[in-house]
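Engineer: Those sequence lines, one after another, are chains Y and U.
So for the first sequence, full-length UniProt numbering puts the first residue at 1; every next one is plus one.
So for the second sequence, full-length UniProt numbering puts the first residue at 1; every next one is plus one.
Even for Gly, the Cβ is constructed at its ideal location relative to N, Cα and C.
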Amino acid sequence: MAGPSRLHGTGAAALRTLASWALPIVLLIAWEIASRSGVLATRLLPAPSAVAAAFWESLKNGTLLTHATISTERALKGLFIGGGIGFVLGVLAGISRPAEIVFDSSMQMLRNVPHLAIIPLVIPWFGIGEEAKIFLVAIGTAFPLYLNTFHGIRTVDPKLIEMARVYGLGPVPLFWRVILPGAMPSILVGLRFSLGLMWLTLIVAETISASSGIGYMTMNAREFLQTDVVVLGIIVYALLGKLADFITRLLEARALAWHPTYRRTVTRGATS
Amino acid sequence: MRESASVLRLHKDASFHEADALAEKNLLREVRPDGDGKDAPSLSGQDIRLDRLSKSFGDRSVLSDLDLVIPAGQLLAIVGRSGCGKSTLLRVIAGLDRPTSGTIAIGDAEVQSLQPNVRLLFQDARLLPWHRVLSNVGIARTKGWQETAAAALADVGLADRWNDWPAVLSGGQAQRVALARALVSRPGVLLLDEPFGALDALTRMEMHRLLERIWREHGFTTVLITHDVAEAVALADRVLVIRDGGITLDVPVDLPRPRREGADTAAVALQARILEEV
Numbered sequence: 001m002a003g004p005s006r007l008h009g010t011g012a013a014a015l016r017t018l019a020s021w022a023l024p025i026v027l028l029i030a031w032e033i034a035s036r037s038g039v040l041a042t043r044l045l046p047a048p049s050a051v052a053a054a055f056w057e058s059l060k061n062g063t064l065l066t067h068a069t070i071s072t073e074r075a076l077k078g079l080f081i082g083g084g085i086g087f088v089l090g091v092l093a094g095i096s097r098p099a100e101i102v103f104d105s106s107m108q109m110l111r112n113v114p115h116l117a118i119i120p121l122v123i124p125w126f127g128i129g130e131e132a133k134i135f136l137v138a139i140g141t142a143f144p145l146y147l148n149t150f151h152g153i154r155t156v157d158p159k160l161i162e163m164a165r166v167y168g169l170g171p172v173p174l175f176w177r178v179i180l181p182g183a184m185p186s187i188l189v190g191l192r193f194s195l196g197l198m199w200l201t202l203i204v205a206e207t208i209s210a211s212s213g214i215g216y217m218t219m220n221a222r223e224f225l226q227t228d229v230v231v232l233g234i235i236v237y238a239l240l241g242k243l244a245d246f247i248t249r250l251l252e253a254r255a256l257a258w259h260p261t262y263r264r265t266v267t268r269g270a271t272s
Numbered sequence: 001m002r003e004s005a006s007v008l009r010l011h012k013d014a015s016f017h018e019a020d021a022l023a024e025k026n027l028l029r030e031v032r033p034d035g036d037g038k039d040a041p042s043l044s045g046q047d048i049r050l051d052r053l054s055k056s057f058g059d060r061s062v063l064s065d066l067d068l069v070i071p072a073g074q075l076l077a078i079v080g081r082s083g084c085g086k087s088t089l090l091r092v093i094a095g096l097d098r099p100t101s102g103t104i105a106i107g108d109a110e111v112q113s114l115q116p117n118v119r120l121l122f123q124d125a126r127l128l129p130w131h132r133v134l135s136n137v138g139i140a141r142t143k144g145w146q147e148t149a150a151a152a153l154a155d156v157g158l159a160d161r162w163n164d165w166p167a168v169l170s171g172g173q174a175q176r177v178a179l180a181r182a183l184v185s186r187p188g189v190l191l192l193d194e195p196f197g198a199l200d201a202l203t204r205m206e207m208h209r210l211l212e213r214i215w216r217e218h219g220f221t222t223v224l225i226t227h228d229v230a231e232a233v234a235l236a237d238r239v240l241v242i243r244d245g246g247i248t249l250d251v252p253v254d255l256p257r258p259r260r261e262g263a264d265t266a267a268v269a270l271q272a273r274i275l276e277e278v
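#1: Below 8 Å on the Cβ atoms is my guess for U:P252 versus U:R238; work out the distance and round it to an integer in Å.
#2: At a CB-CB cut-off below 9 Å, which residues of chain U make contact with Y:P181?
#3: Can you tell me whether U:P256 is helix, strand or coil according to DSSP?
#4: Short of 7 Å in beta carbon distance, which residues of its chain neighbour U:A21, apart from the five on each side in sequence? Order them along the chain.
#5: Since U:G246 sits in a beta bridge, which residues does DSSP pair it with?
#6: Listed from N- to C-terminal order along the chain, which residues in the region 182 to 210 of chain Y have their beta-carbon within a distance smaller than 7 Å of any beta-carbon of chain U?
#7: Distance check for U:A234 and U:R260, CA to CA, integer angstroms please.
#8: Please report the straight-line C-alpha distance between Y:V122 and Y:A132, rounded to a whole angstrom.
#9: May I ask you to list, following chain order, the residues of the region 77 to 109 of chain Y that have a beta carbon less than 7 Å from some beta carbon of chain U?
#10: Determine the contact status of Y:L28 and Y:P48, defining contact as a CB-CB distance below 7 Å.
#11: Please name the residue in U:G58, U:V69, U:L153 and U:F57 whose C-alpha comes closest to that of U:I250.
#12: At 9 Å on the CB atoms, spell out the chain Y contacts of residue 322 of chain U, in chain order.
#13: Only counting runs of 4 or more residues, tell me where the alpha helix (DSSP H) segments fall wholly within the region 184 to 265 of chain Y, in order along the chain.
#14: Short of 7 Å Cβ to Cβ, which residues in the region 194 to 215 of chain U face chain Y?
#15: Which one of U:G144, U:L75, U:R52 and U:L121 has the shortest CA to CA distance from U:T100?
#16: CB-CB under 6 Å to Y:G94, same chain, minus the five flanking residues each way: which ones, in chain order?
#17: How far does the beta strand (DSSP E) with U:T226 in it extend, from its first residue to its last?
#18: Which complete beta strand (DSSP E) runs does the region 73 to 113 of chain U hold, if anything under 3 residues is left out?
#19: Would Y:L160 pass as an interface residue toward chain U - the criterion being a Cβ-Cβ separation below 7 Å?
#20: Run through chain U and tell me which residues come within less than 9 Å of Y:N258, C-beta to C-beta.
#21: Would a check of beta-carbon distances place U:L76 closer than 7 Å to chain Y?
#22: Anything in chain Y within Cβ reach of U:A94, meaning under 7 Å, just list it in chain order.
#23: Is U:T88 buried or exposed, if buried means 16 or more other CB atoms sit within 10 Å of its CB?
#24: Please report how far the alpha carbon of residue 290 of chain U lies from the alpha carbon of U:R176, in whole angstroms.
#25: Ordered along the chain, which non-local residues of its own chain (more than five positions away) have a Cβ less than 8 Å from that of Y:A68?
#26: Please go through the same chain and pick out, in chain order, the residues whose beta-carbon is closer than 6 Å to the beta-carbon of Y:L92, but skip the five residues on each side of it.
#27: Where does the unbroken alpha helix (DSSP H) through U:I214 begin, and where does it stop?
#28: Using a Cβ cut-off of 8 Å, pull out every chain Y residue sitting near U:F122, in sequence order please.
#29: Spell out whether any CB of chain Y is found under 7 Å from the CB atom of U:I139.
#30: List the DSSP bridge partners of U:F57.
#31: I'd like the span of the alpha helix (DSSP H) that includes U:D193, first residue to last.
#32: When you compare each of U:L134, U:I106 and U:L114 to U:R98 by their alpha carbons, which one comes out closest?
#33: Which bits of chain Y does U:L224 rub up against, with CB to CB less than 9 Å?
#34: Please list the partners that Y:V122 has in chain B, where partner means a Cβ-to-Cβ separation under 9 Å.
#35: List the endpoints of the continuous alpha helix (DSSP H) containing U:L153.
#36: Given that U:L114 touches chain Y, what residues does it touch there, using C-beta distances under 8 Å?
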């Protein structure tokens, strides 16, 4: 950091951006050369140019957009249901001891079960329809949000809560103006964990049983040995994951604008 | 209407602090006739009466059989070593803790729980970091809070910082915002729990002047907890020393205002006398 930070101005910023892209570009060129010279069998790994061609082809005939839209829709539905349940239970357990007694030990037990382990049960329960995939995503995303919401609420500075009581805040304003904003950094960490699990779960669910979506697209391509489409599918997942991460960053920048640490993180993120 | 009320109060309280001509002029200048009186400001303080008050945690007695009357508008400083029970006394007066036995009354009402006319300034400012300064001051969100909060901020000399995050304020500024927050509701009683303990000497003297000016403007009854005898003598009408849960010294401070800290032989003599008892 000491070296590049001595460089100033827009030229230096452009140079930094270029430097951070250098390694992937070199790798890509080496990969292309290896494929064309026959060192790398295209049956195992297609050339980057072939992947780009596959990308263009699927974009032109609209299949890529259709599959990506369907996947995103499933992911978001699962996140809203699972994350919503996790958040609400986390809030309840955080603010009320009786609710904690009822939920917390069960949630702590369930979260240790790898949620993909219940796939053999999900198929007889929901068949291979949409519900199965949304259910799996919901299960996967509920726990990180539950844990981090609960933890966030429990670690709100008790001194601030005492101050709010002295200044006459009732339970409802106390929640909205002190407890929820105080727990927000932790809740957003939970959301980021949930987003990671959301894509992971969806990939697995779509490769097992689906007739649409990016997971189906890659599995289908595997059947026909279209490795270029498989690689394309992986890249699309990476891009969707990156997009979700970017949206959380924007959310953090807005919700945690008051937080000196987050303000720094955001500026650093923007320049890198 | 406020001006005349404060002048009346000043005459009434002449026995507690002798107002010299300069201070009276300052007072008249600083009281801003800004309201129409509909938010019913309690311009005069309320008296506090403790009757055989005891507080113990488990079998450890912290305060025992305390009898104390604090007249309305008085600025009382309570001095003691850490752990002598002075903070506990303040929390009991605020209604944050219940006494084990005995009663406490503010104005005409016995204290059962938190009082809307009692405000407490903590050792740390305790501003909500996710609200800007103005929202922190108007935390109770009473009707028209933006205007009253802005007026209170102007009162503590921070009118231009209304849109800042608390994280960028210095320690002294944060305490001034906390003071403005306490003033918004025009309290009858202001309790201060070593609010200047963490500030540097210069900022602390600045805060003393500010608190003194605002106290004279608003006329609330003030209880200041401190371990700093010089601070107590510089600010208070009366100093109380608490040791082992009981009052060991109760002495009036008959020094003219405004006081210059550390420049008065009478003040130094009084400090020495209080220090002996602490």
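Structural biologist: Straight from the coordinates:
#1: By one-based count along the second sequence, residue 252 of chain U stands at place 252. By one-based count along the second sequence, residue 238 of chain U stands at place 238. Contact between U:P252 and U:R238 holds, since their C-beta atoms are separated by about 5 Å, short of 8 Å.
#2: The sequence position of residue 181 of chain Y within the first sequence is 181, counting from 1. L128, P129, W130 and H131, listed in chain order.
#3: As a position in the second sequence, residue 256 of chain U is number 256, starting the count at 1. In the displayed model, U:P256 falls within coil according to three-state DSSP, outside both helix and strand.
#4: Sequence index remark: in the second sequence, residue 21 of chain U carries index 21 (1-based). Since pLDDT at U:A21 reaches only 40, below the 50 mark, its modelled position is unreliable, and the value read off the structure follows with that caveat. So no residue of the chain qualifies.
#5: For the purposes of this step, residue 246 of chain U is identified with residue 246 of the second sequence, where counting begins at 1. In the DSSP output, where bridge partners are listed per residue, U:G246 has U:R243.
#6: Among the residues of the region 182 to 210 of chain Y, none has a Cβ less than 7 Å away from any Cβ of chain U.
#7: Your numbering for residue 260 of chain U matches position 260 in the second sequence. Your numbering for residue 234 of chain U matches position 234 in the second sequence. The alpha-carbon of U:R260 is positioned some 7 Å away from that of U:A234.
#8: Here residue 122 of chain Y refers to the residue found at position 122 of the first sequence. Here residue 132 of chain Y refers to the residue found at position 132 of the first sequence. Just so you know, the alpha carbons of Y:V122 and Y:A132 end up roughly 6 Å apart.
#9: Answer set for the region 77 to 109 of chain Y: empty.
#10: Counting from 1 along the first sequence, the entry for residue 28 of chain Y is found at position 28. Counting from 1 along the first sequence, the entry for residue 48 of chain Y is found at position 48. Yes, they are a contact pair.
#11: One-based indexing of the second sequence puts residue 250 of chain U at position 250. First, the residue type needs correcting, since residue 250 of chain U is Asp and not Ile in the sequence shown. With respect to the C-alpha of U:D250, the residue from U:G58, U:V69, U:L153 and U:F57 having the closest C-alpha is U:V69.
#12: The structure shown has nothing for residue 322 of chain U, since chain U only spans 1 to 278.
#13: The region 184 to 265 of chain Y contains, as complete alpha helix (DSSP H) runs of 4+ residues, the segments 214 to 223 and 227 to 255 (chain order).
#14: When C-beta distances to chain Y are compared with 7 Å, every residue of the region 194 to 215 of chain U stays at or above that value.
#15: Numbered from its first residue, the second sequence carries residue 100 of chain U at position 100. Among U:G144, U:L75, U:R52 and U:L121, the Cα nearest to that of U:T100 is on U:R52.
#16: Translated into positions along the first sequence, residue 94 of chain Y becomes position 94. For Y:G94, where only same-chain residues beyond five positions count, the Cβ hits under 6 Å are F150, I153 and R154.
#17: As a first step, residue 226 of chain U must be located in the second sequence, where it is residue number 226. In the DSSP annotation of this structure, the continuous segment of the beta strand (DSSP E) that includes U:T226 starts and ends at T221 to T226.
#18: Listed in chain order, the complete beta strand (DSSP E) runs (minimum 3 residues) inside the region 73 to 113 of chain U are 75 to 79 and 101 to 106.
#19: What you label residue 160 of chain Y is simply residue 160 of the first sequence in a count that begins at 1. At least one chain U Cβ lies under 7 Å of Y:L160.
#20: Here residue 258 of chain Y refers to the residue found at position 258 when the first sequence is read from its first residue. Sequence inspection shows Trp at residue 258 of chain Y; the Asn mentioned does not correspond to that position. Chain order gives the chain U residues near Y:W258 as L128, P129, W130, H131, R132, W165, P166 and A167, where near means a beta carbon separation below 9 Å.
#21: Along the second sequence, read from residue 1 onward, the residue named residue 76 of chain U stands at position 76. U:L76 does not count as touching chain Y.
#22: Position 94 of the second sequence holds residue 94 of chain U. Going along chain Y in sequence order, the residues near U:A94 (Cβ under 7 Å) are V166.
#23: Within the second sequence, the letter at position 88 stands for residue 88 of chain U. Burial call: buried.
#24: With chain U covering 1 to 278 only, the question about residue 290 of chain U has no answer from this structure.
#25: Taking the first sequence and counting its residues from 1, one reaches residue 68 of chain Y at position 68. In the same chain as Y:A68, and ignoring 5 residues on each side of it, the C-beta atoms closer than 8 Å to its own belong to I214, V236 and L240, in chain order.
#26: Counted from its first residue, the first sequence places residue 92 of chain Y at position 92. Non-local C-beta neighbours of Y:L92 in its own chain, meaning closer than 6 Å and more than five positions away in sequence, comprise A99, ordered along the chain.
#27: Locating residue 214 of chain U in the second sequence gives position 214, counting from the first residue. Unbroken alpha helix (DSSP H) run through U:I214: A201 to H218.
#28: The residue labelled residue 122 of chain U in the question sits at position 122 within the second sequence. Neighbours of U:F122 on chain Y, chain order: K159 and M163.
#29: Along the second sequence, read from residue 1 onward, the residue named residue 139 of chain U stands at position 139. Contact with chain Y is found for U:I139, since one of that chain's Cβ atoms lies less than 7 Å from the residue's Cβ.
#30: As a working note, residue 57 of chain U is residue 57 in the second sequence. U:F57 pairs with U:R60.
#31: By 1-based counting over the second sequence, the position of residue 193 of chain U is 193. That residue, U:D193, is in no alpha helix (DSSP H); its beta strand (DSSP E) goes V189 to D193.
#32: Counted from its first residue, the second sequence places residue 98 of chain U at position 98. Here the closest residue by C-alpha is U:L114.
#33: Within the second sequence, numbered from 1, the residue matching residue 224 of chain U stands at position 224. Under the 9 Å cutoff, chain Y gives no residues; its nearest Cβ is about 17 Å from U:L224.
#34: Here chain B cannot be found, since the structure's protein chains are Y and U.
#35: Here residue 153 of chain U refers to the residue found at position 153 of the second sequence. Its alpha helix (DSSP H) spans residues W145 to D155.
#36: To locate residue 114 of chain U, count along the second sequence from 1; it is residue 114. Per Cβ cutoff of 8 Å: R165, V166 and G168.
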